[in-house]
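Going by the working numbering, the final residue of the sequence shown carries number 894, and the count climbs one at a time with no gaps.
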Amino acid sequence: MKIICTRQNLVQGVTTAQRGVSAKNPLPILSGILFIAKNNSLELHATDLEMGIQCTIPANVQEEGSIVLPARYLGEIVRRLPDAPIQIDATQGNNAIIRYGQSEITINGYDAQEFPVLPNPQGKGSLSIPEEDLKEILRQVLFATSTDENRPVFTGVLMENNNGCLRLVATDTHRLALREENIGNDIEDISVIIPGKALNELARVIGAPDRNVTISLGDNQVIFSMEDTRLVSRLIEGQFPNYRQVIPRGYKTRLRMRTKELLESVERASLLARVGSQIVRLAIEEEKVIITANTEVGRIHEEVPVFLDGETTAISFNAVYLIDALRAIGSDNIYLDLSGPLSPGILRPVEEDNYLSLVLPVRTS
């Protein structure tokens, strides 16, 4: 393999592919990036056997071929190269010479034939959605996933498509986020659980305006295809909890308020709350909500104006969960729906009806 490419393209390709490399891989070759030079382009592949990423960058291919190079060292090297044409020469065994100007670096690599091939799932059809839309959807739901690997279902995001309505749901059992988007794709209904890790990496590489993501499903895998990148992930096996039964159908108390005002008040209260139990209390009155936190460090009392529909009440939440939900909502004004001090609080944007965030209350004495 022998190619010439720009530093900018090489950095972009290596940075993207590195997201598929895990530091805990048992096989040394999986700590590397597979380079394949063909058809005046350079493909970069990386995988940890659960998730894989492939991206393509333009290159002047002088000799087709392939090699696997260690991702960690390669990433650090290419980011420090000068802004000049870069030549990669891997024509002599399992090492590559990186030439730039009058200088060169030799990196020992691995035989490309030993690198696992990224699968190409087939079977359940595909759907398409703008990159910017999917990035925003992921931002609004991923925060609610769990990091507890002992309960894998909760580390993933449920993706459903019913009659052209794409729905993503995440929960760690303490909170839940649900987002819907009408996409109009004429495919069969689906219901799969996608690892949160894979979706977090996807969110980092998408977002280009006027470009779409194609989502294709196989029996146990999903593939996200962009213009020059694709991400493949195994699906999580298991049954996602019946999220519909935990979402209250109505409310006894509805507050309408400015998102920023509530968020900033809860953030200030959390500065004291984090010293103790992370609890903030919301006391709802006719025209205001009183936010308080009491710890050994001190006490805070904040008042935020609201429009009240229904009963006055009081409820306590984990400050971190409430802050995460408020940051994700993406709306200037919100509804906070309550059905009692021990029932979940539901946050909804006033301007849209395609998103909700549920936060369980904290029982206090």
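Heads up, the beta-carbon is just placed ideally off N, CA and C, and yes, glycines get one too. A quick note: this is a predicted structure, and the numbers were derived from the prediction, not measured.
N- and C-terminal bounds of the alpha helix (DSSP H) containing residue i
i: ASP662; result: 660-670
i: ARG536; result: 536-547
Inter-residue spacing [alpha-carbon to alpha-carbon] between residue i and residue j
i: TYR864; j: LEU705; result: 16 Å
i: THR842; j: PRO777; result: 17 Å
i: GLU710; j: ALA737; result: 18 Å
i: LEU539; j: VAL607; result: 7 Å
i: GLN750; j: LEU760; result: 10 Å
i: GLU689; j: GLY874; result: 24 Å
i: ASP618; j: LEU573; result: 15 Å
i: MET786; j: ALA699; result: 25 Å
i: PHE672; j: GLN631; result: 48 Å
i: GLU825; j: SER799; result: 13 Å
i: ASP790; j: VAL833; result: Strictly speaking, residue 790 in this sequence is Glu, with Asp absent from that position. Between GLU790 and VAL833, the C-alpha separation is close to 7 Å.
i: THR576; j: ALA641; result: 13 Å
i: VAL879; j: GLU816; result: 18 Å
i: SER762; j: ALA812; result: 45 Å
i: ARG733; j: LYS726; result: 11 Å
i: SER655; j: ALA857; result: 27 Å
i: LEU867; j: GLN541; result: 47 Å
i: PHE753; j: ASN883; result: 23 Å
i: GLN616; j: GLN591; result: 10 Å
i: ASN589; j: GLN537; result: 14 Å
i: ASP662; j: THR620; result: 43 Å
i: PRO870; j: LEU851; result: 15 Å
i: VAL721; j: CYS694; result: 14 Å
i: ALA613; j: ILE820; result: 57 Å
i: LYS553; j: ALA600; result: 13 Å
i: VAL835; j: GLU814; result: 9 Å
i: GLU772; j: THR674; result: With the sequence shown as reference, residue 772 is identified as Tyr, and Glu is not the correct amino acid for it. Those two C-alpha atoms are separated by around 13 Å.
i: MET530; j: LEU887; result: 53 Å
i: GLU881; j: VAL686; result: 21 Å
Residue i in three-state terms, based on DSSP
i: ALA798; result: helix
i: ALA641; result: helix
i: TYR772; result: helix
i: PRO648; result: coil
i: THR635; result: strand
i: GLU709; result: strand
i: LEU625; result: Contrary to the premise, residue 625 reads as Ala rather than Leu in this sequence. ALA625 falls in the strand class under three-state DSSP.
i: PRO681; result: helix
i: PRO555; result: coil
i: GLU910; result: Residue 910 lies beyond the residue range present for the chain, which begins at 530 and ends at 894; the question has no answer from this structure.
i: ALA737; result: coil
For residue i, the first and last residue of its enclosing beta strand (DSSP E)
i: ALA732; result: Taken as a continuous stretch (DSSP letters only), ALA732 belongs to no beta strand (DSSP E), being part of the alpha helix (DSSP H) at 725-734.
i: PRO834; result: 828-834
i: LEU784; result: 782-787
i: GLN807; result: No beta strand (DSSP E) contains GLN807, which DSSP labels as neither H nor E.
i: LEU760; result: 758-763
i: ARG696; result: 694-700
i: ALA843; result: 842-847
i: ASN823; result: 817-823
i: VAL751; result: 750-754
i: VAL888; result: 884-888
Cβ-heavy atom distance, residue i to the ligand HEM, below 7 Å
i: MET688; result: Among the components of this structure there are no ligands whatsoever, and the ligand HEM is therefore not found.
Segment contact, 8 Å Cβ cut-off, at least three pairs: the region 842-853 with the region 785-795 = Here the region 842-853 lies against the region 785-795, with 3 or more beta-carbon pairs under 8 Å apart.
Could you give the uninterrupted runs of the beta strand (DSSP E) lying entirely in the region 559-618, keeping only those of 3 residues or more?
-> Runs of the beta strand (DSSP E) inside the region 559-618: 561-567, 570-576, 580-587, 589-592, 594-599, 615-618.
Which whole runs of the beta strand (DSSP E) in the region 849-875 are 3 residues long or more, in chain order?
-> Listed in chain order, they are 862-867.
Evaluate contact between the region 611-624 and the region 579-596, counting only Cβ atoms and requiring at least three cross-stretch pairs below 8 Å.
-> In the pairwise beta carbon analysis, the region 611-624 is classified as touching the region 579-596: at least three pairs are separated by under 8 Å.
Segment contact, 8 Å Cβ cut-off, at least three pairs: the region 543-550 with the region 572-588 | In the pairwise beta carbon analysis, the region 543-550 is classified as touching the region 572-588: at least three pairs are separated by under 8 Å.
Taking 8 Å as the threshold, find out whether the region 886-893 comes into contact with the region 680-694 through three or more Cβ pairs.
-> Touching, no, given that fewer than three Cβ pairs across the two stretches are closer than 8 Å.
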